[in-house]
Amino acid sequence: MTLQTRTGIRRLSLMSLFEAMATPHQIDRYLELLNPMATVRDLRAEVTEVRRTTADTVTLTLRPTRQWRGFEAGQFVQIGVVIDGVRHTRCYSPACSQYRSDGRIELTVKAHPQGLVSQYLHTNAHPGLVLSLSQADGVFRMPARRPDKILLISGGSGITPVLSMLRTLLDEGHDGEITFLHYADTERDVAHRDELAQLAAGRENVRVVLAYTGQSDGGDLHGFFGREHLEAAASWHGEAQTYLCGPPGLMRGVREHYDRIGLVDRLHTEEFAAPVAADEDATGQLTFSSSGVTAQNSGASLLEQAEAAGLTPEYGCRMGICFSCTAVKTSGCTRNLRTGETDSDPDQPIQLCISAAVGDVSVDI
Numbered sequence: 002m003t004l005q006t007r008t009g010i011r012r013l014s015l016m017s018l019f020e021a022m023a024t025p026h027q028i029d030r031y032l033e034l035l036n037p038m039a040t041v042r043d044l045r046a047e048v049t050e051v052r053r054t055t056a057d058t059v060t061l062t063l064r065p066t067r068q069w070r071g072f073e074a075g076q077f078v079q080i081g082v083v084i085d086g087v088r089h090t091r092c093y094s095p096a097c098s099q100y101r102s103d104g105r106i107e108l109t110v111k112a113h114p115q116g117l118v119s120q121y122l123h124t125n126a127h128p129g130l131v132l133s134l135s136q137a138d139g140v141f142r143m144p145a146r147r148p149d150k151i152l153l154i155s156g157g158s159g160i161t162p163v164l165s166m167l168r169t170l171l172d173e174g175h176d177g178e179i180t181f182l183h184y185a186d187t188e189r190d191v192a193h194r195d196e197l198a199q200l201a202a203g204r205e206n207v208r209v210v211l212a213y214t215g216q217s218d219g220g221d222l223h224g225f226f227g228r229e230h231l232e233a234a235a236s237w238h239g240e241a242q243t244y245l246c247g248p249p250g251l252m253r254g255v256r257e258h259y260d261r262i263g264l265v266d267r268l269h270t271e272e273f274a275a276p277v278a279a280d281e282d283a284t285g286q287l288t289f290s291s292s293g294v295t296a297q298n299s300g301a302s303l304l305e306q307a308e309a310a311g312l313t314p315e316y317g318c319r320m321g322i323c324f325s326c327t328a329v330k331t332s333g334c335t336r337n338l339r340t341g342e343t344d345s346d347p348d349q350p351i352q353l354c355i356s357a358a359v360g361d362v363s364v365d366i
């Protein structure tokens, strides 16, 4: 056994001893009373800079604690903030390059009208605020061998993961064709607009195309996504790999077009909006078996119905990307709100936020 191995074992033993002495609380619960960033196990981040570049977005620069392992462009993290004594978590994608030299993370948060966490951060975020942080996760990322031609399409707050991809590619010195097509209501709604212009300036292989859906002047394109926009932005898209993130309408339009032209295998997507459950003819009864609670099926997602029944299942993104709300469906049939697929097999793990009941369903929560 090497000296390094023996030292590691000794440290683990001491940590276990300290934690046993600290019972019923973890050591980090005591350390945070002295310094919220002094942690043994918990991953946290301190806000070091706050910028508000549009009326409804805030960009935060975070300094993570030593446990941070970094991320790949396109992935997401969960951050947690205490609001009125309750910790709430949400998922956001870093917008910075994965190679950022100071090791910090940049998140751009859009304040949604009904968004508790996003509204709080937009209004109250300040340097010195400490947030809980998860390690990066998600499969929305580029392959290690970068494609020769890349088309990045985003809309609204979906700009963040694809902007991270663009920044990362430029830091790598990528010399293939890159087009960044972004949709916004008006030019005032484009987060990072000045930076996008700077990133494209002087680079012959990089093109930024801004499409405004609510403004008839300025920008490069106007109206909603369609074949003509794709041809104008990147006539070579048939030879490219396309990365897409945006609101449901944009996502649906791009998917349908790529399906029609036989390019769906070249389209890679990330959802940043919760799927809508709209089944006015819903029938059956829900049983939350561990809690002994039953409710009539309203057609809403199982997460929403559990909350309406007074339960508090764990969740993170509410959009089906973080898997925090996974529970076991013990019986019945559920429908995936994203894909429309149904599942009647018993004892299956499902994501509550993107699953709806089809008739009687029992879930182990």
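Just so we're aligned: the sequence shown equals residues 2 to 366 in our numbering.
Note that the Cβ used here is the ideal one computed from N, Cα and C, for glycine as well.
Taking the alpha-carbon of residue i as reference, which of the options has the nearest alpha-carbon?
i    : options                   : result
M166 : F141, P65 and A296        : F141
A74  : C92, T327, L170 and H113  : L170
G139 : G156, T62 and T270        : T270
K330 : L117, P249 and D365       : D365
S155 : P350, Y244, C92 and R228  : Y244
R208 : E173, T66, Q76 and L182   : L182
P248 : I160, A235 and G333       : I160
G360 : P65, G333 and H175        : G333
K111 : V82, T60, D43 and E257    : T60
S363 : M320, R339, T340 and Q306 : Q306
P162 : G254, Y93 and G341        : Y93
T62  : D186, S98 and S290        : S98
R228 : D260, E178 and A198       : D260
W237 : Q115, G293 and D149       : D149
L132 : P65, L231, A301 and A358  : P65
A355 : F226, T340 and L152       : Ala is not the amino acid found at residue 355; the sequence shown has Ile there. It is T340.
G215 : H193, V87, I84 and E188   : E188
T109 : Q136, D57 and L353        : D57
R67  : V82, Q136, T327 and L231  : Q136
E272 : C323, L164 and I351       : C323
Go through its chain and collect everything with a Cβ distance to residue i's Cβ below 8 Å, but skip five positions before and after it.
i    : result
L35  : Reliability of the predicted coordinates at L35 is poor, the pLDDT of 46 falling under 50, and the value obtained from them is presented with this limitation in mind. If we look at L35 and ignore the five residues flanking it on each side, it has no Cβ neighbours.
S325 : Q79, T90, E315, Y316, G317 and C318
H127 : V48 and V51
D282 : G300
A357 : A278, D280, A283, G300, A301, S302, L303, T335, R336 and L338
Once you ignore the five residues that flank residue i on each side, which residues in its own chain have a CB closer than 7 Å to its CB?
i    : result
S217 : H223
D348 : V329 and T331
T295 : Q286, L287 and T288
G157 : K111, A185, G247 and P248
L15  : Any answer about L15 is weak, because its pLDDT of 49 lies below 50 and its placement is not dependable; what the coordinates show is given next. Correct list: empty, nothing qualifies.
Which two residues bound the contiguous alpha helix (DSSP H) that contains residue i?
i    : result
A309 : L303 to A309
V163 : I160 to D172
L63  : Note, L63: premise wrong, no alpha helix (DSSP H); beta strand (DSSP E) at T58 to P65.
Q199 : R194 to A201
E178 : From DSSP, E178 is part of no alpha helix (DSSP H) but of the beta strand (DSSP E) over E178 to A185.
A233 : R228 to A234
Ignore the nearest five residues each way along the sequence and tell me which others in residue i's own chain have a CB closer than 6 Å to its CB.
i    : result
G220 : L211 and Y213
H26  : Below a pLDDT of 50, predicted positions are generally treated as unreliable, and H26, at 48, falls in that range; the measurement from the model is reported next regardless. Closer than 6 Å at Cβ, skipping near neighbours: no residue.
I10  : Per-residue confidence for I10 stands at a pLDDT of 48, beneath the threshold of 50, marking its modelled position as unreliable; the derived number appears in the next sentence. Hits under 6 Å: none found.
L152 : T180, A235, H238, A241 and T243
Where does the unbroken beta strand (DSSP E) through residue i begin, and where does it stop?
i    : result
G263 : No beta strand (DSSP E) contains G263, which DSSP labels as neither H nor E.
R52  : R45 to T55
V118 : Element bounds for V118: not the beta strand (DSSP E) but the alpha helix (DSSP H), L117 to N125.
What residues are listed by DSSP as bridge partners for residue i?
i    : result
C318 : C318 pairs with nothing; no bridge assigned.
P350 : V329
S94  : In DSSP, S94 forms no bridge with anything.
N337 : S356
H223 : Y213
I366 : Note: I366 sits in no beta bridge, so no partner.
Using 7 Å as the cut-off, classify the Cβ of residue i as near or not near the heavy atoms of the ligand ZN, replying yes or no.
i    : result
E257 : Looking for the ligand ZN in the displayed structure turns up nothing, as the structure carries no ligands at all.
Problem set entry | Touching by the beta-carbon criterion (3+ pairs, under 8 Å), the segment 103 to 111 and the segment 197 to 205 | no
Exercise. Between the segment 142 to 152 and the segment 42 to 55, do three or more beta carbon pairs fall short of 8 Å?
Worked result: Taking a cut-off of 8 Å on C-beta distances, the segment 142 to 152 does not touch the segment 42 to 55, as fewer than three cross pairs fall below it.
Exercise. Do the segment 257 to 270 and the segment 232 to 248 make contact, defined as three or more Cβ pairs closer than 8 Å?
Worked result: They touch, by the three-pair rule.
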